[in-house]
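This report concerns only the one structure given below.
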């Protein structure tokens with residue numbers, strides 16, 4: 001197979017937060033695989049990479065049904081996606097999947113990677129700046145230091161798991177805080193982690209939003225790309 | 001004060017993993033503050049940034065006594081460091097502190113930042129790729145996915161804290177695994193997290209080392225820059 005399959009982390013928003021390696025890879029891409037979903041993450045990643053893309057880059061939209069353990073429950077959609085990607089690589093095209101943030105960190109790319117990892121395909125995965133790192137630098141908020149333990153928690157995890165992780169950690173990053181912002185804020189308050197929290201939505205993107213007092217804002221509707229950094233007192 | 005103080009994350013080793021923003025900042029630096037320590041982290045960060053530095057950049061070595069909560073126990077050394085940095089900024093020099101990985105993630109820069117954050121100084125902190133992200137991409141090892149919870153644990157944390165954090169997490173990143181590699185491996189084994197672990201020392205640097213079977217290697221001496229990625233079965 002002569003084409004290369006790239007998984008490229010484009011960072012959280014600011015096009016200057018792309019790495020040199022990511023830019024080199026993006027310039028080498030003939031075909032982009034983009035997820036066809038209601039969520040706008042894919043198109044955000046595309047707009048960050050835009051300045052570096054070949055003019056005639058082809059975009060192929062694919063549906064990725066998000067079933068956990070998809071290898072066992074593999075659907076036709078995934079099988080078709082794989083077939084389509086392999087055919088493009090066989091034609092000698094370099095194919096890429098772009099990821100907001102980092103490709104191996106809570107990303108759809110992980111599923112695409114698993115689809116291809118046992119095929120005779122050259123895969124190059126290029127890390128990206130995770131949103132929490134960009135937020136820490138932007139806000140002057142140390143993420144974690146010394147011997148402290150950090151829990152990274154998707155707000156979509158089961159509440160009892162979130163509680164247990166917060167119990168065990170000194171610092172926390174909460175990802176995908178939107179649907180249950182109020183509930184998450186209450187859990188943080190019970191762990192004495194709400195007052196020192198900072199929430200950033202759409203870090204480095206248009207309509208970026210920063211909230212320092214999460215308790216006062218917990219009834220508000222947030223964007224899907226919302227992250228909280230916090231720590232115990 | 002006319003100079004800018006930069007905190008710059010240079011990523012884990014590969015100079016191509018610098019961001020565009022980091023490179024722009026490095027090119028703008030007149031004086032680098034480098035920690036004078038036995039550990040070689042500072043000089044590793046310097047060698048990664050080297051290709052982009054001004055030819056006549058000045059390097060100022062400072063001693064950073066690593067006391068926790070140094071604001072309260074501020075030593076003369078810290079006060080002198082601060083005075084020296086402020087004097088350079090007053091002269092109009094752009095001063096930078098380089099960090100391996102990310103500057104707000106387990107970094108000495110956090111202490112330097114705290115020293116200056118309440119001074120009338122323009123501080124620009126630029127995030128970097130954390131080692132664990134680079135390792136995930138390099139090894140094709142998903143760091144964390146879906147609704148899973150990740151614990152980031154310095155191997156130097158108290159064993160009972162490490163146990164509790166592993167209990168609460170689905171996936172884990174263990175940092176600074178060197179002195180107590182054997183002990184950490186045993187703790188991971190008790191949590192059913194040793195067989196699927198991967199350890200990488202000096203990721204992207206000379207003498208990089210990859211260990212897949214940590215139990216078989218747990219008596220070995222590791223480099224200070226060693227990270228384990230793992231997850232529960």
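Protein chains in written order, with UniProt numbering: chain A, 1 to 233; chain B, 1 to 233. We put the beta carbon where it would ideally sit given N, CA and C, even for glycine. Quick caveat, the model's predicted, so the values are computed rather than measured.
So which residues of chain A does residue i contact, with C-beta pairs closer than 8 Å?
i: residue 164 (chain B); result: 167, 168
i: residue 137 (chain B); result: 7, 9, 102, 103, 104, 125, 126, 127
i: residue 117 (chain B); result: 140
With 16 as the cutoff for other CB atoms within 10 Å, does residue i come out buried or exposed?
i: residue 50 (chain B); result: exposed
i: residue 66 (chain A); result: exposed
i: residue 63 (chain B); result: exposed
i: residue 79 (chain A); result: exposed
i: residue 111 (chain A); result: buried
i: residue 210 (chain B); result: exposed
i: residue 141 (chain A); result: buried
i: residue 216 (chain A); result: exposed
i: residue 158 (chain A); result: exposed
i: residue 75 (chain B); result: exposed
i: residue 143 (chain A); result: buried
i: residue 221 (chain A); result: exposed
i: residue 226 (chain A); result: buried
i: residue 35 (chain B); result: buried
i: residue 27 (chain B); result: exposed
i: residue 232 (chain A); result: exposed
Taking residue i as the query, report the chain A residues whose CB atoms sit under 9 Å from its CB, ordered along the chain.
i: residue 213 (chain B); result: Those do not exist, as residue 213 (chain B) stays about 20 Å from chain A at its closest Cβ, beyond 9 Å.
Where does residue i sit, in a helix, a strand or coil, going by DSSP?
i: residue 150 (chain A); result: strand
i: residue 26 (chain A); result: helix
i: residue 35 (chain B); result: strand
i: residue 124 (chain B); result: strand
i: residue 44 (chain B); result: helix
i: residue 218 (chain A); result: coil
i: residue 169 (chain A); result: coil
i: residue 72 (chain B); result: Because the pLDDT at residue 72 (chain B) is just 49, under 50, the model does not fix this residue reliably, and the value given afterwards should be weighed accordingly. In the structure shown, residue 72 (chain B) sits in coil (DSSP, three-state: anything other than H, G, I, E or B).
i: residue 164 (chain B); result: helix
i: residue 178 (chain B); result: coil
i: residue 136 (chain A); result: helix
i: residue 185 (chain A); result: helix
i: residue 115 (chain B); result: helix
i: residue 197 (chain B); result: coil
i: residue 129 (chain A); result: coil
i: residue 211 (chain A); result: strand
i: residue 231 (chain A); result: strand
i: residue 7 (chain A); result: strand
i: residue 225 (chain A); result: coil
i: residue 15 (chain A); result: helix
i: residue 54 (chain B); result: coil
i: residue 20 (chain A); result: helix
i: residue 141 (chain A); result: coil
i: residue 106 (chain B); result: coil
i: residue 88 (chain B); result: helix
Given that residue i touches chain A, what residues does it touch there, using C-beta distances under 7 Å?
i: residue 238 (chain B); result: Outside the displayed range of chain B (1 to 233) lies residue 238 (chain B), so it cannot be described from this structure.
i: residue 234 (chain B); result: Since the displayed chain B opens at 1 and closes at 233, residue 234 (chain B) lies outside it and no answer follows.
i: residue 157 (chain B); result: 147, 149
i: residue 161 (chain B); result: 149
Taking Cβ-Cβ distances shorter than 9 Å, what residues in chain E pair up with residue i?
i: residue 45 (chain B); result: Looking for chain E here will not work: the only protein chains present are A and B.
Taking 6 Å as the limit between beta carbons, can you name the residues of its chain near residue i, skipping five residues before and five after?
i: residue 223 (chain A); result: 201, 202
i: residue 130 (chain A); result: 101, 102, 105
i: residue 13 (chain B); result: 203, 204, 205
i: residue 122 (chain A); result: 4
i: residue 191 (chain B); result: 166
i: residue 88 (chain B); result: 31, 95
i: residue 208 (chain A); result: 202
i: residue 151 (chain B); result: 165, 169, 172
Could you pull out every residue in the same chain whose Cβ sits closer than 7 Å to the Cβ of residue i, ignoring the five residues on either side in sequence?
i: residue 148 (chain A); result: 170, 171
i: residue 212 (chain A); result: 198
i: residue 145 (chain B); result: none
i: residue 93 (chain A); result: 3, 30, 31
i: residue 162 (chain A); result: 153, 187
i: residue 219 (chain B); result: 182
Sorted by chain position, which residues of the same chain lie with C-beta nearer than 8 Å to residue i's C-beta, five sequence neighbours on each side aside?
i: residue 72 (chain A); result: Note that residue 72 (chain A) scores 49 on pLDDT, short of 50, meaning its location in the model is unreliable; the coordinates nonetheless yield the value given after this. Cβ within range, chain order: n/a, list empty.
Check the Cβ of residue i against every Cβ in chain B and list those closer than 8 Å, keeping chain order.
i: residue 16 (chain A); result: 19, 20, 21, 24
i: residue 110 (chain A); result: 142, 145
Could you check if residue i belongs to the surroundings of the ligand HEM, using beta carbon to heavy atom distance under 8 Å?
i: residue 208 (chain A); result: The model on display carries no ligand, and the ligand HEM is accordingly not part of it.
Identify each residue in the segment 130-154 of chain A for which the Cβ-Cβ distance to at least one residue of chain B is less than 8 Å, and report them in chain order.
-> Across the segment 130-154 of chain A, CB contacts with chain B closer than 8 Å involve 130, 133, 134, 136, 137, 138, 140, 141, 142, 143, 144, 145, 146, 147, 148, 149, 150, 151, 152, 153, 154, in sequence order along the chain.
Given a limit of 9 Å on CB to CB distance, which residues of the segment 180-204 of chain B reach chain A?
-> Residues: none.
Taking Cβ-Cβ distances below 9 Å as the criterion, which residues of the segment 76-93 of chain A are in contact with chain B?
-> Across the segment 76-93 of chain A, no CB contact with chain B closer than 9 Å is found for any residue.
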